[in-house]
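Below: one structure, written as structure tokens.
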Amino acid sequence: QVKLVEFGGGLVQNGGYLRLFCVVCGGVFSISEMGWYRQAPGKERELVAGIHNSGNTNYADFVKGRFTISRDNAKNTVYLQMNSLKPEDTAVYYCSAYVVAIAFRYWGQGTQVTVSS
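Heads up: the sequence shown is residues 1075 to 1191, going by my numbering.
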């Protein structure tokens, strides 16, 4: 069983920065890929960034050059560094862990990020 706990959301001004943390509890070795998604009010959940066990990363076009996903395996933690934040980045951000062996994606509880204009 994989449990994900996110930290680091909050209120920031336009152009500011935040760092999100996702701590993985349990089932660490079964995870093949970690990712950050977000969901704004009235919109569907969308991928922000992902990082594979190989270390390969991928980003949505709307965050390229501004956001960086990384991980610390020793701490079972995945990070999302968000720079140059914009009001349109306002959303609930969710950490995700994908276990390919069972084709199942786990989700954290979400953390609110609000960017004021």
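By construction, the Cβ of each residue, glycine as well, lies at the ideal position given by its N, Cα and C atoms.
Keep in mind it's a predicted model, so treat the numbers as computed, not measured.
Cutoff 6 Å; reference T1188; Cβ partners in own chain excluding five residues on either side: L1085, T1164
Check for me: the beta strand (DSSP E) holding Q1155 runs from which residue to which? 1151 to 1156
Assign V1174 to one of two classes, buried (16 or more other C-beta atoms within 10 Å of its C-beta) or exposed (fewer than that). exposed
With a Cβ-Cβ cutoff of 8 Å, do C1096 and G1182 count as a contact? yes
Whose C-beta lies closer than 8 Å to the C-beta of N1088 among residues of the same chain, with five residues either side of it excluded? L1159, K1160, P1161, V1189, S1190, S1191
Can you give me the C-alpha to C-alpha distance between Q1075 and I1125, rounded to a whole angstrom? 20 Å
Is the beta carbon of C1099 less than 8 Å from the beta carbon of V1122? no
Straight-line Cα distance separating L1092 from G1082: 7 Å
Buried or exposed (CB count within 10 angstroms, at least 16 for buried), R1179: exposed
Using only the alpha-carbon positions, how far apart do K1149 and P1115 sit? 32 Å
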